[in-house]
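Enquirer: Handing you this structure, nothing more for now.
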Amino acid sequence: MKQTNSSASSIVLNFSGTSYITPLVGAMLGDSFFGHFRSSLLFAVIYVVGQFLVTLSANVPALQPTQCKIGEEICPATKRWQLSFLYTSLFIIALGRAGYPAYQVLGAAQFHDHRQNAERSAFFTYMFQALTFGYMVSATAVVYVQESYGWGVGYILTALASFMSLLGLLSGLPFYREGHSEGNACAKIFQVLSASLLKCRLSLPPREELFDDQSQDPDEANLDFFYSSDFRFLDKAAIETHDEQFLREGRNPWRLCTLSQVEEVKQILRLVPVCISCIIFTSIYGQLPTLFVLQGEVMNRKVGNFNVEIPPATMTIFENLTVLLGGYLYNKVFIPTMMKVTGHPKGISPLQRIGTGLCMGVLAMTVAALVETQRLARISPSDTQGSEMSMFYLIPQFVLVGIGEIFTYVGLTEFFYDQSPPRMRSVSSSISMLTQAMGNYLSSLLVSIVYHSTTKDGSPGWIPNDLNEGRVDKFYLLLAALCGLSFICFLIIASTFKHRRDENLPTRRCSPMRKTMTSRSSLKEPLLS
Numbered sequence: 100m101k102q103t104n105s106s107a108s109s110i111v112l113n114f115s116g117t118s119y120i121t122p123l124v125g126a127m128l129g130d131s132f133f134g135h136f137r138s139s140l141l142f143a144v145i146y147v148v149g150q151f152l153v154t155l156s157a158n159v160p161a162l163q164p165t166q167c168k169i170g171e172e173i174c175p176a177t178k179r180w181q182l183s184f185l186y187t188s189l190f191i192i193a194l195g196r197a198g199y200p201a202y203q204v205l206g207a208a209q210f211h212d213h214r215q216n217a218e219r220s221a222f223f224t225y226m227f228q229a230l231t232f233g234y235m236v237s238a239t240a241v242v243y244v245q246e247s248y249g250w251g252v253g254y255i256l257t258a259l260a261s262f263m264s265l266l267g268l269l270s271g272l273p274f275y276r277e278g279h280s281e282g283n284a285c286a287k288i289f290q291v292l293s294a295s296l297l298k299c300r301l302s303l304p305p306r307e308e309l310f311d312d313q314s315q316d317p318d319e320a321n322l323d324f325f326y327s328s329d330f331r332f333l334d335k336a337a338i339e340t341h342d343e344q345f346l347r348e349g350r351n352p353w354r355l356c357t358l359s360q361v362e363e364v365k366q367i368l369r370l371v372p373v374c375i376s377c378i379i380f381t382s383i384y385g386q387l388p389t390l391f392v393l394q395g396e397v398m399n400r401k402v403g404n405f406n407v408e409i410p411p412a413t414m415t416i417f418e419n420l421t422v423l424l425g426g427y428l429y430n431k432v433f434i435p436t437m438m439k440v441t442g443h444p445k446g447i448s449p450l451q452r453i454g455t456g457l458c459m460g461v462l463a464m465t466v467a468a469l470v471e472t473q474r475l476a477r478i479s480p481s482d483t484q485g486s487e488m489s490m491f492y493l494i495p496q497f498v499l500v501g502i503g504e505i506f507t508y509v510g511l512t513e514f515f516y517d518q519s520p521p522r523m524r525s526v527s528s529s530i531s532m533l534t535q536a537m538g539n540y541l542s543s544l545l546v547s548i549v550y551h552s553t554t555k556d557g558s559p560g561w562i563p564n565d566l567n568e569g570r571v572d573k574f575y576l577l578l579a580a581l582c583g584l585s586f587i588c589f590l591i592i593a594s595t596f597k598h599r600r601d602e603n604l605p606t607r608r609c610s611p612m613r614k615t616m617t618s619r620s621s622l623k624e625p626l627l628s
């Protein structure tokens, strides 16, 4: 589509960011309206439609820009409607990815018996490995086809693969067990916010006078909460006015919420700072399909003395292999070893896992900057395509990002599951994916800012079309510095985070007054625990 490197990078990052936001919509529909199977089917169909439209964009000449003729100095620009068609197709694909939470819940619902906890855990592992394997196929076989036979043929293969996955989903229709709907968790969050705003002028009474009639919500009868003293403003949502005392049977949930519901929202809000501290790591992860690949294009892509060139996009296979092999070693080697050292049942806690991943992000960007500096230093005037430095010098930065992914993303998912209210885990998993969305948008913003701020006075800038004239190494160092700053913020957040109780421990319900007197400080664990 005749886009510059910075523009193409921004398009990819914006698409990735949108793909991580839409699952929140899918989780809401799956929990509230359609059910998880119908939501899975709906978004699978939407995804196939999006793939079909992108395939048309790559194969129909009318949907592609006019190619430059030999001898022409000014090439015809891409028409706006051609770009609009491509952007619309990409948005439909991103919308189709909204079914990801529904796929997870639908699959887990097939293991409903409590004796199948191990099988359910294995399902999540297999699902993650299947996704990674799919990325590997796209980075190798599909990329090879695109390099050899054109982009159009490659998109035909991906469209066929998405259609086959839809048929696979339908093949299990007679056997699926629909999971129990947890209600609209997002609506409950907004109800608490609405009720607290409507009663913002009221004085907050003692905790024992707040509304907590769990008979109005049978699901709350099986829940146990430590009532907290933070976010006291939200407690106003549970203030019961004189008129509402006589309307309990038909109370308006947007004006009066139970104290238990308020505490659920508080638990979600406590997770937000941890999410924010992980945004920059996703910005680093976003460099894999963009700048890392562009680096490979201006390096020696030959394998040894063989006259065979490797497509730069296939380098992402090293990240995929790291995730597959590293995930196995983490479970089989790392956890047992660390259990002996720390005594922690998981080897290290989810917060420690996230912190380790952020450190890997700093290391990955530092190594990437050093490699790029060496690449630029080894460019000679006779090199017309780029540096003679082998593209395989990029392997360490791909591997380090993969290791960081194992620690950060899986740790974040585990942390959200452990610390989220049981009734909001479906939506909370989607909220954690917003971290990846914001990271992609931030990366796109950083690329745009760096491009416009470094191309003044005729300078090619840090990220020009020809990377041999740029300083991508400085951009990598910028990301490393930002990730280091993010890690420092994470340490502060983790050291003050208040953990919810371990729901596996035996507990006894107590009155609101007694819960009020429960010390929250006793639930606070050591740094990064």
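Heads up: the sequence shown begins at 100 in the numbering used here, then just goes up one per residue.
Built from N, CA and C at the ideal position, the CB exists for glycine as well.
#1: How would you label Ile120, buried or exposed, when you count the other beta carbons within 10 angstroms and need 16 or more for buried?
#2: Would you say Ser542 and Thr415 are within 9 Å of each other, going by their C-beta atoms?
#3: Is the Cβ-Cβ distance between Ser115 and Gly385 less than 9 Å?
#4: Starting from the N-terminal side, write out each stretch of the alpha helix (DSSP H) that is 4 residues or longer and does not extend beyond the segment 479–558.
#5: The ligand MN and Met235: does the residue's C-beta get closer than 8 Å to at least one heavy atom of that ligand?
#6: By Cβ distance, which residues of its chain are closer than 7 Å to Asn419, with the 5 residues on each side in sequence left out?
#7: If we call anything under 9 Å between Cβ atoms a contact, is Ile338 one with Phe310?
#8: What residue range is occupied by the uninterrupted alpha helix (DSSP H) comprising Arg179?
#9: Please classify Ala240 as buried or exposed, where buried requires at least 16 other C-beta atoms within 10 Å of its C-beta.
#10: Can you give me the start and stop residues for the alpha helix (DSSP H) that Thr381 sits inside?
#11: Rounding to the nearest angstrom, what Cα-Cα distance links Val144 and Gly198 in this structure?
#12: Check Lys335 in the structure and name its three-state DSSP category.
#13: What are the boundary residues of the alpha helix (DSSP H) that includes Glu396?
#14: Cutting at 7 Å between CB atoms, please list the residues of its own chain near Tyr202, excluding the five before and the five after it.
#15: Taking the alpha helix (DSSP H) that Glu471 belongs to, which residues open and close that run?
#16: Measure how close the beta-carbons of Val373 and Phe491 come, nearest whole angstrom, since I'm counting them as under 8 Å.
#17: Just to confirm the assignment: which complete alpha helix (DSSP H) runs, minimum length 4, are found wholly within the segment 238–289?
#18: Less than 8 Å between the CB atoms is what I'm expecting for Ile383 and Ala463, so what's the real figure, rounded?
#19: Any idea what DSSP makes of Asn564, helix, strand or coil?
#20: With 16 other CB atoms within 10 Å as the buried threshold, where does Gly249 fall?
#21: Which of the three DSSP states, helix, strand or coil, is assigned to Asn113?
#22: Between which two residues does the alpha helix (DSSP H) holding Met438 run?
#23: For the candidate residues Phe330, Leu269, Ser489 and Lys431, whose alpha-carbon lies nearest to that of Gly403?
#24: Buried or exposed for Ala217, please, with buried defined as at least 16 other CB atoms from any protein chain shown within 10 angstroms of its CB.
#25: The alpha helix (DSSP H) spanning Glu418 covers which residue range?
#26: With respect to the alpha helix (DSSP H) encompassing Arg570, which residues constitute its N-terminal and C-terminal limits?
#27: Got a sec? Which residues, its chain only, sit under 6 Å from Arg613 by beta carbon, not counting five neighbours each side?
#28: Buried or exposed: Asn321, going by 16 or more other Cβ atoms within 10 Å of its Cβ?
#29: Spell out the partners DSSP gives Lys634 in its beta bridges.
#30: Taking the alpha helix (DSSP H) that Ala146 falls in, what are its first and last residues?
#31: Distance check for Ala412 and Asn406, CA to CA, integer angstroms please.
#32: In three-state DSSP terms, what is Thr231?
#33: Just confirm the distance between the C-beta atoms of Phe506 and Ser376, as a whole number of angstroms; I'd bet it's less than 8 Å.
Expert: By the coordinates alone:
#1: Residue burial is scored here from C-beta neighbours: Ile120 has at least 16 other C-beta atoms within 10 angstroms and is therefore classed as buried.
#2: no
#3: Against a cut-off of 9 Å, the Cβ pair of Gly385 and Ser115 comes out as a contact.
#4: 494–518 and 524–553, all fully within the segment 479–558.
#5: Judged by which ligands are present, the structure shown has none, so any question about the ligand MN falls away.
#6: Around Asn419: Thr231, Tyr234, Met235 and Ala238.
#7: yes
#8: Arg179 to Gly195
#9: Under the 10 Å beta carbon count, Ala240 is surrounded by fewer than 16 other beta carbons and is classified as exposed.
#10: Ile378 to Tyr384
#11: 10 Å
#12: helix
#13: Leu390 to Glu396
#14: Ser139
#15: Pro449 to Ala476
#16: Not confirmed; about 36 Å, so no contact.
#17: Complete alpha helix (DSSP H) runs here, min 4: 242–248 and 250–270.
#18: 6 Å
#19: coil
#20: exposed
#21: Three-state result, Asn113: helix.
#22: Looking at the DSSP string, the run of the alpha helix (DSSP H) that includes Met438 is Ile434 to Thr441.
#23: Ser489
#24: With a pLDDT of only 47 at Ala217, under the threshold of 50, the placement of this residue in the model should not be trusted; the figure read from the coordinates follows. Result: exposed.
#25: Thr415 to Leu428
#26: From DSSP, Arg570 is part of no alpha helix (DSSP H); its letter is neither H nor E.
#27: With a pLDDT of only 37 at Arg613, under 50, the local geometry of the prediction cannot be trusted, and the value read off the model is given with reservation. Cβ within range, chain order: n/a, list empty.
#28: Any reading at Asn321 must be qualified, since the residue scores a pLDDT of 47, below 50, and its modelled position is unreliable; the value itself is stated next. Classification of Asn321: exposed, given that the 10 Å Cβ count is below 16.
#29: In this structure the chain extends from 100 to 628, so residue 634 is not present and cannot be described.
#30: According to the sequence shown, residue 146 is Tyr rather than Ala. Here the alpha helix (DSSP H) through Tyr146 covers His135 to Asn158.
#31: 18 Å
#32: Shown here, Thr231 sits in a helix according to DSSP, grouped into three states.
#33: That pair is no contact at about 14 Å.
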